[in-house]
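The opening residue of the sequence shown carries number 1 in the numbering used here; numbering runs sequentially from there. Where is the CB? At the ideal position from N, CA and C, for every residue including glycine. Reviewing the structure listed below.
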Amino acid sequence: MPDRHIFLIGMQGCGKSSLGKRVARETGIPFADTDALVAQSAGCTVNEFFERYGENTFRRAETNALAVLTRAKPMIISTGGGTVMNPENRHIMRAWGRIVWIDRPLEEILSDIKLDRRPTLRDGGLAEVERVYHERMPVYRDLADITVRNNQGYHMAVYMLSRLVQERF
């Protein structure tokens with residue numbers, strides 16, 4: 001069991017939630033997803049939350065979710081793609097855990113991403129995904145303690161993240 005939280009960061013569509021859930025199941029470490037926690041607290045989906053309350057309110061709720069999760073025993077926490085853009089969130093993650101960047105090539109994200117499920121990307125289409133990708137890459141790179149490259153398929157990424165969690169945390 002890790003002694004600190006393991007925060008998964010990266011672009012939408014990079015595999016944070018699916019990899020985190022699977023590795024949590026394999027290792028017995030609890031798992032949480034900040035987007036799911038915000039949606040559950042509001043009683044609606046993330047898309048509905050954005051439509052009702054807007055991105056600013058979502059971002060405040062996201063910060064609150066991070067703060068709440070840090071009070072629990074150490075776990076794997078999947079964060080939303082934009083979580084890292086708030087300096088307060090970066091501070092919380094640095095103070096309470098280790099940060100793992102799930103780095104997936106843009107071409108693979110573009111081929112898999114379902115824009116209708118991504119409220120911050122939906123209106124701009126694939127061009128917006130590319131713009132956001134390039135905007136966030138330096139932040140992900142700077143914030144990460146460790147990088148897991150998700151460029152050889154899901155099972156290889158699960159293996160690499162699982163091994164990392166078991167050996168380093």
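Practice item. Under the assumption that TRP96 contacts THR63 (Cβ atoms under 8 Å), give the Cβ distance between them as a whole number of angstroms. Key: Their Cβ separation, rounded to whole angstroms, is 13 Å, which puts TRP96 and THR63 out of contact at 8 Å.
Review point. Where LEU143 and THR79 are concerned, what is the direct C-alpha to C-alpha distance, given to the nearest angstrom?
Key: Their Cα atoms are separated by approximately 13 Å.
Check your understanding: Skipping 5 residues on each side, what residues in its chain have a beta carbon closer than 6 Å to that of MET93?
Key -> Annotation for MET93: PHE7 and ILE99 place their beta carbon closer than 6 Å to its own, counting only its chain and skipping 5 residues before and after.
Practice item. Would you tell me roughly how many angstroms separate the C-alpha atoms of LEU104 and ARG90, rounded to the nearest one? Key: Going by the sequence as given, residue 104 is Arg instead of Leu. Cα to Cα, ARG104 sits roughly 20 Å from ARG90.
Check your understanding: Between ILE77 and CYS14, is the Cβ-Cβ spacing less than 8 Å?
Key -> No, these two residues do not count as a Cβ contact at 8 Å.
Check your understanding: Under a Cβ-count criterion, where at least 16 other Cβ atoms within 10 Å of its own Cβ denotes burial, should GLY43 be classed as buried or exposed?
Key -> Residue environment for GLY43: exposed (fewer than 16 other C-beta atoms within 10 angstroms of its C-beta).
**Study point:** Secondary structure, beta strand (DSSP E): runs of 3+ residues fully inside the region 27-76
**Key:** If we require 3 residues or more, the beta strand (DSSP E) runs fully inside the region 27-76 come out as 31-33.
**Study point:** 6 Å Cβ shell around GLY81 - same chain, five flanking residues per side excluded
**Key:** Cβ neighbours of GLY81 beyond the five flanking positions: MET11 and GLN12.
Exercise for review: Would you please state the rounded distance, in angstroms, between the beta carbons of THR83 and ILE9? I believe it to be under 8 Å.
Suggested key: With a Cβ gap of about 7 Å, THR83 and ILE9 count as contacting.
Practice item. Please classify VAL38: is it buried, with 16 or more other beta-carbons within 10 angstroms of its beta-carbon, or exposed? Key: Here VAL38 is buried: its Cβ has 16 or more other Cβ atoms, across all protein chains shown, within 10 Å.
**Study point:** Spatially closest choice to MET166 from GLU26, ARG59 and HIS155, by CA coordinates
**Key:** It should be noted that the sequence gives Gln, not Met, for residue 166. Cα-wise, what sits closest to GLN166 is GLU26.
Point to revise | Own chain, CB closer than 7 Å to ALA24, minus 5 neighbours either side, in chain order | key: Taken in chain order, the residues that qualify are PRO30, PHE31 and ILE76.
**Study point:** Sequence-distant residues of its chain with Cβ nearer than 7 Å to SER162 (five each side left out)
**Key:** Cβ within range, chain order: VAL23, GLU26 and THR27.
Review point. Just checking my contact of PRO74 with ASP145 at CB under 8 Å: how many whole Å lie between their CB atoms?
Key: With a Cβ gap of about 15 Å, PRO74 and ASP145 do not count as contacting.
**Study point:** Three-state secondary structure assigned by DSSP to ARG98
**Key:** In the structure shown, ARG98 sits in a strand (DSSP, three-state: E or B).
Point to revise | Buried versus exposed, by CB contacts within 10 Å (16 or more), TYR133 | key: Classification of TYR133: buried, given that the 10 Å Cβ count is 16 or more.
**Study point:** Cβ separation of VAL41 and ALA61, assumed to be a contact under 8 Å, to the nearest whole Å
**Key:** What sits at residue 41 in the sequence shown is Ser, not Val. At roughly 7 Å, the Cβ-Cβ gap stays under 8 Å, so SER41 and ALA61 are in contact.
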